[in-house]
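Peer 1:
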Amino acid sequence: MRSLFRTVDRADFRDALALAAAVGVVGASYGTLAAAAGVPPAITLGMSVVVLAGGSQFLVVAVVAAGGSPVAAVLGGLLLNARHLPFGLAMSGIIADRWPGKLLGAHILIDEVVAFSRARGSGERARVAYWTCGALLATFWFLGTLVGMLAGAAVPDPSVFGVDAAFPAALLALVLPALARADARRVGLTAAVLALLATPVLPPGLPVLVGLLGLLVAGRPVREATS
Amino acid sequence: MNWPAVLALAAGTYLLRLTGIVLRDRIAVPARVERYLDLGATALLVALVATAALTDGDGFAGWARPGGVAVGALLAWRRMPFVLVVVLAAATTATLRQLGVP
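Chains as they are written, first to last, in the numbering used here: chain A, 3 to 229; chain B, -7 to 94.
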């Protein structure tokens, strides 16, 4: 693993660090909200280590704050995280060749990490990017949570910094190269429209999965231009 | 929230992550299906972008956030550095909010 990280492209590391910094800010807001909702500190911090999926952690805090049951929180969180299964199908070859790597790499299968790695193809650079980005995001998520819990009310609402715009913008920048292909553009656009239409009527997590129906317009494979 | 619930969420999430990875190894995937897996990841990512940029809960997120994302999109399209995309998208949204845009 050490030799893997020695091959990190410096620009890739810088980009991953930018993403991780934004993750840290959101982690701080998660820590603050959890403390305000009365979630025990060990559980708040523990979730950032063993769950490591921001959306579902925020959902748990919201359910707890609203007086909902832990069962509802777990089911809602799992529904939100269901998209990780198709991501795993697509990323398997990039993450690792052997078991220990696959078992560890599965834990850092995060939306941003998937996009970050895919923007770098499917070779060695994509693999190094996956692990670098995953390790940085997991670390900053943990540290952000810790800061949020300790600083409490002193942490300003992250919407003041516009961090909520940083994530979709970053994901879009990362997925843009893939959209150069006509079939990917068609599928992506349909996925976006369907997910948006589904958002008001379906529980969190499902609208994004509905986006998979965009595959219906995939059509025939685009013949790669050969020169 | 208690520890059994946290561990259930953690185990379930981890299994969702691992299942896709392991399934792919276990099944011989024809090239045609491989293309769908690849396009599927793109579909999910674009759906995430759209919902994260435009919605909050089950309603519209307001104009400040999509405004920032639009600036980020423009910069990304013009092949500006990734760090700039992230920072200026956030800064635009923050500024719009300062100006009272919801």
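Just so you know, even glycine gets a beta-carbon here, dropped at the ideal spot from N, CA and C.
Just so you know, these numbers come straight off a predicted model, no measurement behind them.
#1: In whole angstroms, what separates the C-alpha of residue 44/B from that of residue 19/B?
#2: For a contact meaning CB atoms closer than 9 Å, what does residue 27/B contact in chain A?
#3: With 16 as the cutoff for other CB atoms within 10 Å, does residue 126/A come out buried or exposed?
#4: May I have the straight-line CA-CA distance separating residue 21/B from residue 38/A, to the nearest angstrom?
#5: Helix, strand or coil for residue 47/B, going by three-state DSSP, please let me know.
#6: For residue 122/A, which residues in the same chain have their Cβ closer than 6 Å to its Cβ, ignoring the five residues on either side in sequence?
#7: Would you check if the distance between the CB atom of residue 88/B and the CB atom of residue 60/B is smaller than 9 Å?
#8: Which term fits residue 71/A, buried or exposed, when burial requires 16 or more other beta carbons within 10 angstroms of its beta carbon?
#9: List the residues that DSSP assigns as beta-bridge partners of residue 52/B.
#10: Check residue 152/A in the structure and name its three-state DSSP category.
#11: Taking a contact to mean a Cβ-Cβ separation below 9 Å, would you say residue 147/A touches residue 29/A in this structure?
#12: Does the structure place the region 20 to 35 of chain B close enough to the region 138 to 146 of chain A that three or more beta carbon pairs sit under 8 Å?
#13: I'd like to know whether the C-beta atoms of residue 76/A and residue 49/B end up nearer to each other than 9 Å.
#14: Which residues, taken in chain order from the region 141 to 163 of chain A, show a beta carbon closer than 8 Å to some beta carbon of chain B?
#15: Do residue 174/A and residue 56/B have their C-beta atoms within less than 9 Å of each other?
#16: Measure how close the beta-carbons of residue 157/A and residue 34/A come, nearest whole angstrom, since I'm counting them as under 8 Å.
#17: Just to make sure I have the definition right: I need the residues of chain D whose C-beta is within less than 7 Å of the C-beta of residue 11/A. Which are they?
#18: Closest Cβ-Cβ distance between residue -2/B and chain A: below 9 Å?
#19: In its own chain, which residues sit with a C-beta less than 7 Å from the C-beta of residue 84/B, not counting the 5 before and 5 after it?
#20: Out of 22/A, 67/A and 27/A, state which residue places its alpha-carbon closest to the alpha-carbon of residue 162/A.
#21: Do we get a CB-CB distance below 9 Å when we pair residue 73/B with the residues of chain A?
Peer 2: The answer reads as follows:
#1: As a first step, residue 44/B must be located in the second sequence, where it is residue number 52. As a first step, residue 19/B must be located in the second sequence, where it is residue number 27. In a straight line, the C-alpha of residue 44/B is about 33 Å away from that of residue 19/B.
#2: In the second sequence, residue 27/B corresponds to position 35, counting from 1. Within 9 Å Cβ-Cβ: 185, 220 and 223.
#3: Your numbering for residue 126/A matches position 124 in the first sequence. With fewer than 16 Cβ atoms within 10 Å of its Cβ, residue 126/A is classed as exposed.
#4: Within the second sequence, the letter at position 29 stands for residue 21/B. Within the first sequence, the letter at position 36 stands for residue 38/A. Distance between the alpha carbons of residue 21/B and residue 38/A is about 48 Å.
#5: Working through the second sequence from its first residue, we reach residue 47/B at position 55. Strand, per DSSP.
#6: Counting from one through the first sequence, the residue named residue 122/A turns up at place 120. Correct list, in chain order: 128 and 131.
#7: Here the question's residue 88/B lines up with position 96 in the second sequence. Here the question's residue 60/B lines up with position 68 in the second sequence. Yes.
#8: Position 69 of the first sequence holds residue 71/A. It is exposed - the Cβ of residue 71/A has fewer than 16 other Cβ atoms within 10 Å.
#9: The residue labelled residue 52/B in the question sits at position 60 within the second sequence. Partner(s): 47/B.
#10: Working through the first sequence from its first residue, we reach residue 152/A at position 150. Residue 152/A falls in the helix class under three-state DSSP.
#11: Reading the first sequence from its first residue, position 145 is the one you call residue 147/A. Reading the first sequence from its first residue, position 27 is the one you call residue 29/A. Yes, Cβ-Cβ distance for residue 147/A and residue 29/A is below 9 Å.
#12: no
#13: As a first step, residue 76/A is located in the first sequence; it is residue number 74 there, counting from the start. As a first step, residue 49/B is located in the second sequence; it is residue number 57 there, counting from the start. With respect to residue 49/B, residue 76/A sits apart: the two C-beta atoms are not nearer than 9 Å.
#14: 161, 162 and 163
#15: Residue mapping note: residue 174/A aligns to position 172 of the first sequence, counting from 1. Residue mapping note: residue 56/B aligns to position 64 of the second sequence, counting from 1. Pairing residue 174/A with residue 56/B gives a Cβ-Cβ distance that is not under 9 Å.
#16: On the first sequence, position 155 is the one that residue 157/A refers to. On the first sequence, position 32 is the one that residue 34/A refers to. Between residue 34/A and residue 157/A the Cβ distance is about 5 Å, and since that is below 8 Å, they are a contact.
#17: Although the question refers to chain D, the structure presented lacks it and instead comprises the protein chains A and B.
#18: The residue given as residue -2/B occupies position 6 in the second sequence. Closer than 9 Å to some Cβ of chain A, the Cβ of residue -2/B qualifies, so yes.
#19: For the purposes of this step, residue 84/B is taken as residue 92 along the second sequence, with counting starting at 1. Once the five neighbours on either side are set aside, the close Cβ partners of residue 84/B are 59, 60 and 63.
#20: Position 160 of the first sequence, counted from the first residue, corresponds to residue 162/A. With distances taken between Cα atoms, residue 162/A lies closest to 27/A.
#21: Looking up residue 73/B in the second sequence gives position 81. Taking Cβ atoms only, chain A reaches closer than 9 Å to residue 73/B, which makes this a yes.
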